[in-house]
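Okay, so the sequence shown: first residue is 34 according to the numbering used here, each after it adds one. C-beta: ideal position from N, C-alpha, C; glycine also.
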Amino acid sequence: MKVLTETWRSAAIGRDKSVNVLLPSSYSSAGRAFPVLYLLHGFGGNRNTWLQCGDLAPAVDSAGLVVVLPESGRSWFINDARGRRYEDYLVGEVVGHVDATFNTAASRDGRGIGGFSMGGAAALYQALRHGEVFSVVCSSAGAFEAPLREGDPYGHLREGRRLAMPTARDHERVWGPVGSGVRREYDPYRAVRDRDARYPIEVHLDIGLDDYPRMIDMNRRMREALAGGSIPHRYRERPGGHDWEFVNAGLPDLFAFARSRLLSA
Numbered sequence: 034m035k036v037l038t039e040t041w042r043s044a045a046i047g048r049d050k051s052v053n054v055l056l057p058s059s060y061s062s063a064g065r066a067f068p069v070l071y072l073l074h075g076f077g078g079n080r081n082t083w084l085q086c087g088d089l090a091p092a093v094d095s096a097g098l099v100v101v102l103p104e105s106g107r108s109w110f111i112n113d114a115r116g117r118r119y120e121d122y123l124v125g126e127v128v129g130h131v132d133a134t135f136n137t138a139a140s141r142d143g144r145g146i147g148g149f150s151m152g153g154a155a156a157l158y159q160a161l162r163h164g165e166v167f168s169v170v171c172s173s174a175g176a177f178e179a180p181l182r183e184g185d186p187y188g189h190l191r192e193g194r195r196l197a198m199p200t201a202r203d204h205e206r207v208w209g210p211v212g213s214g215v216r217r218e219y220d221p222y223r224a225v226r227d228r229d230a231r232y233p234i235e236v237h238l239d240i241g242l243d244d245y246p247r248m249i250d251m252n253r254r255m256r257e258a259l260a261g262g263s264i265p266h267r268y269r270e271r272p273g274g275h276d277w278e279f280v281n282a283g284l285p286d287l288f289a290f291a292r293s294r295l296l297s298a
């Protein structure tokens, strides 16, 4: 696996932004085009966070996928309440740049999107909202109900610990107050109900049995919502907590799911 960094001035964000692009050992700039999997980091992460997974390189090489690692800091890859336009950046700029620069299968059937926690939720939001762009979703411990959150459900766990979960203040900076337009726009259950059926998607969800109870419950509710919306999905509960060790252990399944459903050009 080769790791490259692509940087350009983002019109949506208004400053230079970088993404990491992971090329499998089988990559060639000529011949068959390679499917692409976009992987989104968790809250407070960046384009390098996924690289801490020790099994990422063999997973990329085995699947033969181009993998793209963008970043949005704590902004959930959405167009947020502060006016930061990370959805426009991701869907409108990153995808186009990758397709113009690399030998990729430049159609929805060749593109998947996934992520961990914040990134897992954002991946599902974007695929539901942009089915013309992505056809596969791979979420690890997705924090799907972020737009519905009130206050700080993790407050009782914070004393003496650093949690990779936003405080109430951090959360409302992105999502606005309860009832805001941004929260309504990204309500995940509304997105499931209102998705464009012309663009079918398939979804892989997994959650750790040692994760926060709230996180487990919302993943179960999302499984039910996908089933109710007749969206094909695979749901797994397995050992692990809300951490990158859990993510790393799930990489073989995640990449196998993506590779079996994404088409080469």
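Endpoints, the beta strand (DSSP E) within which residue i is located
i: S95; result: Counting along the chain, S95 falls outside any beta strand (DSSP E), though it belongs to the alpha helix (DSSP H) covering L89 to A96.
i: V127; result: It is not in any beta strand (DSSP E) - V127 carries neither H nor E in the DSSP assignment.
i: G145; result: R144 to F149
i: Y71; result: V69 to L73
i: I100; result: Checking the sequence, you will find Val at residue 100 rather than Ile. It spans V99 to L102 - the beta strand (DSSP E) in which V100 sits, taken as one unbroken run.
Candidates the options, of which the one nearest residue i by Cα
i: V131; options: N79, N81 and F67; result: F67
i: R19; options: S173, V211 and L161; result: Nothing about residue 19 can be read from this structure; the chain reaches only from 34 to 298.
i: H204; options: R223, P180, L72 and G214; result: P180
i: E104; options: P91, D88, A139 and G78; result: G78
i: A31; options: V207, S172 and R65; result: It is not possible to answer for residue 31, since the shown part of the chain is limited to 34 through 298.
i: G75; options: S172, G262, S293 and E183; result: S172
i: G97; options: D88, S62 and S58; result: S58
i: V166; options: A176, A45 and G145; result: G145
i: R292; options: L84, D244, E257 and V236; result: V236
i: L259; options: D286, V225 and G241; result: V225
i: Q85; options: S95, G148, N281 and T200; result: N281
Bridge partner(s) assigned by DSSP for residue i
i: R267; result: H237
i: E39; result: V52
i: N309; result: A query on residue 309 cannot be resolved here, the shown segment of the chain reaching from 34 to 298 and no further.
Residue span of the alpha helix (DSSP H) that contains residue i, given as start and end
i: T137; result: Unbroken run through T137: none, as it is neither H nor E.
i: A260; result: P246 to G261
i: R231; result: Per DSSP, R231 belongs to no alpha helix (DSSP H) and is neither H nor E.
i: R292; result: L284 to R294
i: V215; result: G214 to E218
Min CB distance residue i to chain C below 8 Å
i: P68; result: Reference to chain C is not applicable here, since this structure consists of a single protein chain.
Where residue i falls, given that 16 or more other Cβ within 10 Å makes a residue buried
i: S43; result: buried
i: E126; result: buried
i: V211; result: exposed
i: L190; result: exposed
i: D239; result: buried
i: S108; result: buried
i: R48; result: exposed
i: K35; result: exposed
i: S150; result: buried
i: Q159; result: buried
Heavy atom of the ligand MG within 7 Å of residue i beta-carbon
i: V280; result: The ligand MG is not part of this structure, which contains no ligands at all.
(request) Scan the region 153-209 and note each continuous alpha helix (DSSP H) run of 4 residues or more that stays entirely inside, going in chain order. (result) Counting only runs of 4+ residues, the alpha helix (DSSP H) found wholly inside the region 153-209 occupies 201-208, in chain order.
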